[in-house]
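In order, the protein sequence lines correspond to chains E and B.
Residues in the first sequence are numbered from 1 upward in steps of one, following this note's numbering.
Residues in the second sequence are numbered from 253 upward in steps of one, following this note's numbering.
Heads up: the structure comes next, in structure tokens.
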Amino acid sequence: MINLNRHETKPAVFKHLFMALLGAATLFAAGCSTEERDENDGTIINAILLPTDVVLNLHCADVGIHPETCVLDDPENPFATTTILEFDVNDPDATNKFDLFNSIPAGPTGAKARFYFWATALARRGSGENQFYTALALHELFDANSNVLSKDELVRAQALKAYQSVLDNFFGSVTVFTCCPGASPVGEPVAFSVPLNELTADNLYRTDATGFLRLIEGDPLLMQEQLLEWGYSYQPANPPNYDDGVVSVNGG
Amino acid sequence: MAGISFFKSMTKVCSILTVMLVFFVPLASHAQVDKVTTYKDANGWKLQVNGEDYYIKGVVWGYTPRGQNYTYNLFGQSDDQIRKILDYEFSLMAKMGVNTIRSFTMIPPEWVTYIYREHGIMSVINPLMGRYGYSVDGKWIPFTDYSDPRTREVLKRDMQEFVARYKDTPGVLMFAFGNESNYGLSWSSFEIENLPEGEQNIAKARFLYSLWNEVTEAGKAIDSNHPFTIVNGDIQYIDLIAELIPNLDLLGTNAYRGKSFTGLWRDVEEKLDLPVVFFEFGSDAFNARDFAEDQLSQALVLKDQWQEMYNKAAGNGEEGNSIGAFIFEWRDEWWKYLQIENLDIQDNNASWSNQAYLFDWAEGKNNMNEEWFGITALGPANSDGVSTARPRMAYDVMTEVFSMDPYAASKGDINRTFANMDVGRYELMGDVRLLKAANEESKRKLQFTGGRLQGEMVLRGNESGIDEDGEDSLEFSDGEMVFLDFGFQPTDQVSGQMTLNVLGNVAQKRPLEFTYGDRGLPLAIQTEQLTILEGGDNEFIERQVDFKDRERIEIYDFDATYEGENIDVNAFYHTRRFHWGYEGDQFGLIREATDLEGMDIWNAKAPQGVEIAGKGKWKDFTVLFGPEVYWGANPKVVFKYDFKLAKFDWTFIHSEDLARRSDGTNPTDVVGRQSRQTTLTAEREFSNGWKLEFGGIWSANEKVDEVFDRVDRAGNVYLDQIEEEDALGFRAKLTFPWYETYLQAHHAGLVADGGHVHRTWGITDPSRLPYSGMGNKREYEAGMILRFGNLMLYPRVMYRDNLVHANPFIEANIGGGVLNPGTDPRNTDEDPFAVLGNREARSAELYLTYDPTGATQFYDWDNDWREDAKFAFNIGGTYTEYPTRTDSYLFFFEPARINAPFGQGLPAEEVWGISSRMVFNPNRDSKYIVRLVRGFDQSTGNPDGGTRDFYQFDWKAEWKRKHTFAGYYMKDAWGPYDFYRQFNITFPEQVKLDYSVLLGNSGQLGSAEDENRATRVGIRALYRSLDEANETFEVEGDYTFMTVLYFTYQF
């Protein structure tokens, strides 16, 4: 039978050759279709000029307000791809966001960069601290872009929304300051926490707290009314330290 | 003196008697073997046993309880249980008048004799001779190549061994080889494939029939007391039989020709002049047209067939070559359709068409229902644990038929008896039994089918507690739960099952063990409450809220199936489902969901969904949708279409996530982004043994235009964007016949993620090659399987490059108003892609496997239970170089219910692992399985702690099929659950010892599921020593331990 079959058999080598070629072509097509990314792809972003102007274009209605994250898609945001390191309680001496923040030029020329910095930090991690500093940056921008004759109403409203978000979303949050090495027995700075609700109300109530224009012009009582409208009562802090203000939730 | 002489004399007498006994008992035993012959005179052919005429009144017998399939091993049960089952079965058969059985199971000789002596029923010894594949030199060949000289040699040798083993066994009627083997000529070979198409099968058949002849001749040389035959499919190739098997004693054939065997008698007489035995014939008892059980049609077909056979017996003036037959079959087999699914349900699916069965045949539709061929229906187990048999009408008809002696009765008497048979009465008897059974089972509505009760008592402690408070520090807790199983079948087309779980107390075993039922553990939640203080001020005060007695009752699983004319619909909830890798899903989009135990410890309820599978003209379409169709899946809908084009089998699959899953169940259960994939794949197996698979994927195109940053070799940070081509991937695999060698290439764009990679041997594949279904790669793999007798060597290599590498951490900085944004490792939540398991790799491995019993393949998922070699083992290792780092892995942060990144990637590393698994079966009642692992490997998430160097040894020992002793010893290894490796948590030493004894039927150790559910009592001890590598383990001291006394009662 084997002889009989062989007698009628055509050489199988061509079939194998065909299969080998077909297989090789398929493998080649599958394995070699595109290349690694190189210098022709994308844009180098090693050096990004920080904005120095004070005109803020809101990328979306709630930019800088938790939980909106549209700032990450804002083409004007220089920090969109920047890693912003949060404070690590397990490694308090490690580099953190305040190191980078402190490198932003001081004064009005850095105000817009500060907003993008904190709004980016907020979008990445919703925390009271990030929300508070975003509000403060908006407050600074409002101040920088306003004068006696004209006020940046858009940014004023955004700053108020940001401050309200601190109270609404992060009422119990604190931020930590270090100061006064003299007060420490070992002569090192002492860390102390401050409730963000107090700082928020203080910033709104006193111009001296920030050095910026009031977001609600006129008598500070108007600010207290605004807080009441938001659902909070504020008992202002007293001089000289202004550290005893109390914010409480109405009807809570 | 006289006394001494008498004593000596008696000693002599005793010695002589002893010698006589030694020599003559075997001869006496041999004398019990029956002499079976075929005989022909002028009246025709007869079969004679010890000179007496013997007309075969047979059935094809098999015993597979509900819920079991072809893996069920009756003769692996205890002798007592086997005896109970055989007595039940063969008493009922004997009552019907059955005198012979044919079985696909090789009944051990001692039980052949038992059946014969106790019930008077003889057996045909019928090895299948490679019909459904065969193990040749340790390699499992799914399509036996009868032309291969080595295969022929092995088959001939093995068949001779069968004959030698059974030839002296009382109760053997004859030897038969194969089972319609002429329908299984599916192997490929160069010579044959190059013949004209019409001659190919004839050429193959010549090999088969010539081998049959060789086997028959060889058998006859060993045993001259029994006839030898083959089991042919009908009388196909009858000329070849005549030409090539001159030594055949009779023709065995399976014939499904309807009510009459038509011209078969004449054809056999003319061409072979041999007596005929039908080894299979009959009819199913399900009417595919009416979609209902049809006892009457089955019985009438059988009645007509037997009447014809009796008329064709010797002495009736016709061909005279009928000497009996075996009805297919004694019992229904509920596993036949789908074979591993719906084992508790009798499927109504008709799987082939036969126009000869006119009672339910319709043009273009199937009418043969494989699970309904029994002349008795498969009932539930009785109090002895024996599956009951409900006789159908055919049983009663056959009782009357078998009461006749076709040689003693005249042809007229025979035909009068058939004509006068009170069919109506038998129909009524069958219907009454059916109604009674239906009532008893309440199956058409809702039926409580059983369940199990579990209880445990736990004692746990740790070093610091012992040091401080001694034994008082030990914590005791207890747990109880019950599973209640229900089946339902409201209509013939709808059936299903569900299991309820009810918790009592829940034992506290964490963190040493996470088990199903932990959902009921008390849950403490820290919260803040606004409190009004004295003086009217208010303040948020922290407090803890405890939730106890949670989720005491839940649906554990649910499965329902609708079998329609054009579609089958299956709704599933936490029941096992398999991947689609064998159905064209080359990119692994649909992952396997069989690890229910793994899900249970987190109370995950995957898979959940509905599958709609087309039938008939819609058979190429499948739609799958649901909230979690496999573990970790987003809510999605999947559409699959299979088609043929240019001789290739093509598969189109589109998978669309409808939403993002809201929640994970454990740290490893990261919630993936909503996405979509489309694949088009093709494969073809060529006749010369080559196989080509290729396909393309278009994945996650919603990510096109998303930005990402990357770093070049000079340290420049780039802002880049996902482009259309980044969503495309291609793969191809070429397998060729020399040593089963394969080459594979896979290119995938940055976001062209597929799913799970299917390994050669599935989940039991020991390979540690760094497989990944993710994109961003150019990957090449090759392997070959070298076989040397029962040894197998399997080398594999893999090479993979990335298109974009993982990001290092570069700190951002600002100087002079200029920002260098730096970069950090990506993660799959915030970035369009990340380099993780798909990182660059150069990997090689080699595994050596020894398994002398290829039919129980060493890498089958259930090999722990099925391996029957005296000794089988594998040993091998893998070495992998990862030249680059990874991006950051994610974990699911349960307290906040969000994904969270580890923040840093795994560093470049060279890792390796070696392992060996050994199976010992010293005798039928004992089994020992040992696994050794040694490795140097990385975590799957957290890089802190570095690469781990570990050892592992686990084992399982069973003896007397009652006692199980299992456990492990691990040194410097990760803990036993996936999250330990994810968080890189290792322990200096881990020990587990678990002894249990079965209180119920020993057959319950037959599979993983059976074993878990068996009635048993046991004790388990766990120990872990602690160090700084597991500080997050939250246990104080140098060690922790736990003992668990447990029992399970199955009812």
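Glycine is no exception: its CB is placed at the ideal position from the N, C-alpha and C atoms.
inquiry  = Is V963 (chain B) close to chain E? Criterion is C-beta to C-beta, closer than 7 Å.
reply    = For the purposes of this step, residue 963 (chain B) is identified with residue 711 of the second sequence, where counting begins at 1. Any Cβ of chain E closer than 7 Å to the Cβ of V963 (chain B) would place that residue at the interface, and such an atom is absent.
Inset, instruction - Could you tell me the boundaries of the beta strand (DSSP E) in which Y991 (chain B) lies? - result: In the second sequence, residue 991 (chain B) corresponds to position 739, counting from 1. Where Y991 (chain B) is concerned, there is no enclosing beta strand (DSSP E), given that its DSSP letter is neither H nor E.
Assess contact between the segment 427-439 of chain B and the segment 450-461 of chain B, defined as three or more Cβ pairs (one per stretch) separated by less than 8 Å. Is contact present? Touching, yes.
Exercise. What are the start and end residues of each continuous beta strand (DSSP E) run of 3 or more residues lying completely inside the segment 544-627 of chain B, in chain order?
Worked result: Segments of the beta strand (DSSP E) lying fully in the segment 544-627 of chain B: 574-579.
(request) Mind checking who I1066 (chain B) pairs with in its DSSP beta bridge? (result) As a first step, residue 1066 (chain B) must be located in the second sequence, where it is residue number 814. According to DSSP, which records beta bridges pairwise, I1066 (chain B) is partnered with B:L1071.
DSSP three-state label for M345 (chain B), please. Along the second sequence, read from residue 1 onward, the residue named residue 345 (chain B) stands at position 93. Reduced to three states, the DSSP call for M345 (chain B) is helix.
In chain order, what residues of the same chain lie with their CB nearer than 8 Å to the CB of N241 (chain E), ignoring the 5 residues before and after it? Here residue 241 (chain E) is taken as the residue at index 241 of the first sequence, counted from 1. Counting only Cβ-Cβ distances below 8 Å, and skipping sequence neighbours, we find nothing.
| message | Can you find the residues in the same chain that come closer than 8 Å, C-beta to C-beta, to A911 (chain B), ignoring five residues on each side of it along the sequence? | response | By 1-based counting over the second sequence, the position of residue 911 (chain B) is 659. A distance below 8 Å between beta-carbons, with the five flanking residues on each side excluded, links A911 (chain B) to the following residues of its chain, in chain order: N886, P887 and Q926.
inquiry  = Would R962 (chain B) and V1056 (chain B) qualify as a contact pair, given that the criterion is a beta-carbon distance under 7 Å?
reply    = Stepping through the second sequence from its first residue, residue 962 (chain B) is reached at position 710. Stepping through the second sequence from its first residue, residue 1056 (chain B) is reached at position 804. In this structure, V1056 (chain B) lies closer than 7 Å to R962 (chain B) by Cβ.
Whole-angstrom Cβ separation of F1202 (chain B) and L1184 (chain B), contact assumed at under 8 Å?
Position 950 of the second sequence, counted from the first residue, corresponds to residue 1202 (chain B). Position 932 of the second sequence, counted from the first residue, corresponds to residue 1184 (chain B). Contact between F1202 (chain B) and L1184 (chain B) is ruled out by a C-beta separation of about 12 Å, above the 8 Å threshold.
- Query: How big is the Cα-Cα spacing for F1110 (chain B) and P879 (chain B)?
  - Reply: Here the question's residue 1110 (chain B) lines up with position 858 in the second sequence. Here the question's residue 879 (chain B) lines up with position 627 in the second sequence. Approximately 36 Å between the Cα atoms of the pair.
- 7 Å Cβ cutoff, E225 (chain E) in contact with chain B: Taking the first residue of the first sequence as position 1, residue 225 (chain E) is located at position 225. E225 (chain E) does not count as touching chain B.
Using a Cβ cut-off of 7 Å (strictly closer), state whether D1290 (chain B) contacts chain E.
Mapped onto the second sequence, residue 1290 (chain B) falls at position 1038. Cβ-Cβ to chain E under 7 Å: no for D1290 (chain B).
Rounded to whole angstroms, what's the CA-CA distance from A283 (chain B) to N302 (chain B)? Just pull it up for me. Taking the second sequence and counting its residues from 1, the one referred to as residue 283 (chain B) is at position 31. Taking the second sequence and counting its residues from 1, the one referred to as residue 302 (chain B) is at position 50. Note that A283 (chain B) scores 44 on pLDDT, short of 50, meaning its location in the model is unreliable and no value can be drawn from it.
Are any of the Cβ atoms in chain E nearer than 7 Å to that of P1073 (chain B)? Translated into the one-based positions of the second sequence, residue 1073 (chain B) becomes position 821. P1073 (chain B) counts as touching chain E.
Check your understanding: Does the beta carbon of R125 (chain E) sit closer than 7 Å to a beta carbon anywhere in chain B?
Key -> In the first sequence, residue 125 (chain E) corresponds to position 125, counting from 1. Taking a beta-carbon distance threshold of 7 Å, R125 (chain E) does not count as an interface residue toward chain B.
Item to complete: Indicate whether A121 (chain E) and K97 (chain E) have their beta-carbon atoms separated by less than 7 Å.
Response: One-based indexing of the first sequence puts residue 121 (chain E) at position 121. One-based indexing of the first sequence puts residue 97 (chain E) at position 97. Yes.
Q. What is the rounded straight-line gap between the Cα of I1271 (chain B) and the Cα of A759 (chain B)?
A. Within the second sequence, numbered from 1, the residue matching residue 1271 (chain B) stands at position 1019. Within the second sequence, numbered from 1, the residue matching residue 759 (chain B) stands at position 507. If you draw a straight line from the Cα of I1271 (chain B) to the Cα of A759 (chain B), it comes to about 15 Å.
### Query
Which residue comes first and which comes last in the beta strand (DSSP E) that contains T1012 (chain B)?
Here residue 1012 (chain B) is taken as the residue at index 760 of the second sequence, counted from 1. Membership of T1012 (chain B) in any beta strand (DSSP E) is not indicated, and neither H nor E is assigned to it by DSSP.
*Among E:V186, E:E198 and E:G182, nearest to V174 (chain E) - alpha-carbon criterion*: Within the first sequence, residue 174 (chain E) is the residue found at index 174, counting from 1. Among E:V186, E:E198 and E:G182, the Cα nearest to that of V174 (chain E) belongs to E:E198.
Of the choices B:P479, B:F480 and B:N506, whose alpha-carbon is the least far from that of Q488 (chain B)? Working through the second sequence from its first residue, we reach residue 488 (chain B) at position 236. The option with the nearest alpha carbon to Q488 (chain B) is B:N506.
At what residues does the beta strand (DSSP E) containing A1004 (chain B) begin and finish?
Position 752 of the second sequence, counting from 1, holds the residue named residue 1004 (chain B). Neither: A1004 (chain B) is in no beta strand (DSSP E) and is coded neither H nor E.
If you measure between the beta carbons of H831 (chain B) and I842 (chain B), is that distance less than 7 Å?
As a first step, residue 831 (chain B) must be located in the second sequence, where it is residue number 579. As a first step, residue 842 (chain B) must be located in the second sequence, where it is residue number 590. Going by C-beta atoms, H831 (chain B) is nearer than 7 Å to I842 (chain B).
Open item on the list: For chain E, check one thing: does any of its Cβ atoms lie closer than 7 Å to the Cβ of V734 (chain B)?
Closed with: The count along the second sequence starts at 1 and reaches residue 734 (chain B) at position 482. Chain E contact via Cβ: absent.
Pairing CB atoms from the segment 1092-1107 of chain B with CB atoms from the segment 1060-1075 of chain B, are three or more of them under 8 Å? Touching, no.
What are the residues of the segment 38-54 of chain E that lie near chain B, defined by any Cβ-Cβ distance shorter than 8 Å? Hits within the stretch, in order: D38, E39, D41, G42, T43, I44, I45, N46, A47, I48, L49, L50 and T52.
_Inter-stretch contact at 8 Å, needing at least 3 Cβ pairs: the segment 1134-1153 of chain B / the segment 1113-1123 of chain B_ = No: fewer than three Cβ pairs fall under 8 Å.
List the residues of chain E that E715 (chain B) touches, going by C-beta distances under 9 Å, in chain order.
-> Indexing the second sequence from 1 puts residue 715 (chain B) at position 463. Close partners of E715 (chain B) in chain E (Cβ separation under 9 Å) are lacking, with about 26 Å as the shortest Cβ gap.
Which first and last residues belong to the beta strand (DSSP E) in which W313 (chain B) is found?
-> Start at 1 with the first residue of the second sequence, and residue 313 (chain B) comes out as number 61. For W313 (chain B), the enclosing beta strand (DSSP E) starts and ends at I308 to W313.
Opposing strand residues paired with F891 (chain B) [DSSP bridges]:
Taking the second sequence and counting its residues from 1, the one referred to as residue 891 (chain B) is at position 639. According to DSSP, F891 (chain B) bridges with B:V875 and B:H906.
With 7 Å as the threshold, decide whether the Cβ of P78 (chain E) is near any Cβ in chain B.
Within the first sequence, numbered from 1, the residue matching residue 78 (chain E) stands at position 78. Residue contact with chain B for P78 (chain E): present (Cβ-Cβ distance below 7 Å to some residue of chain B).
Length of the line joining the Cα atoms of M1036 (chain B) and G1128 (chain B)
On the second sequence, position 784 is the one that residue 1036 (chain B) refers to. On the second sequence, position 876 is the one that residue 1128 (chain B) refers to. Rounded to whole angstroms, M1036 (chain B) to G1128 (chain B) spans 15 Å at the Cα level.
Please tell me whether Y1354 (chain B) has its Cβ less than 7 Å away from any Cβ of chain E. Shown here, chain B extends from 253 to 1303; a query on residue 1354 (chain B) therefore has no answer.
Select from B:G515, B:D475, B:Q598 and B:T628 the residue whose C-alpha is nearest the C-alpha of A551 (chain B). What you label residue 551 (chain B) is simply residue 299 of the second sequence in a count that begins at 1. Shortest Cα-Cα distance from A551 (chain B) to any of B:G515, B:D475, B:Q598 and B:T628 involves B:T628.
| Whether W230 (chain E) touches Q164 (chain E) by CB criterion (7 Å) | Numbered from its first residue, the first sequence carries residue 230 (chain E) at position 230. Numbered from its first residue, the first sequence carries residue 164 (chain E) at position 164. Taking 7 Å as the Cβ cut-off, W230 (chain E) and Q164 (chain E) qualify as a contacting pair.
Worksheet entry | Reduced DSSP secondary structure (H/G/I, E/B, other) of C70 (chain E) | Reading the first sequence from its first residue, position 70 is the one you call residue 70 (chain E). In the structure shown, C70 (chain E) falls within a helical segment according to DSSP collapsed to helix, strand and coil.
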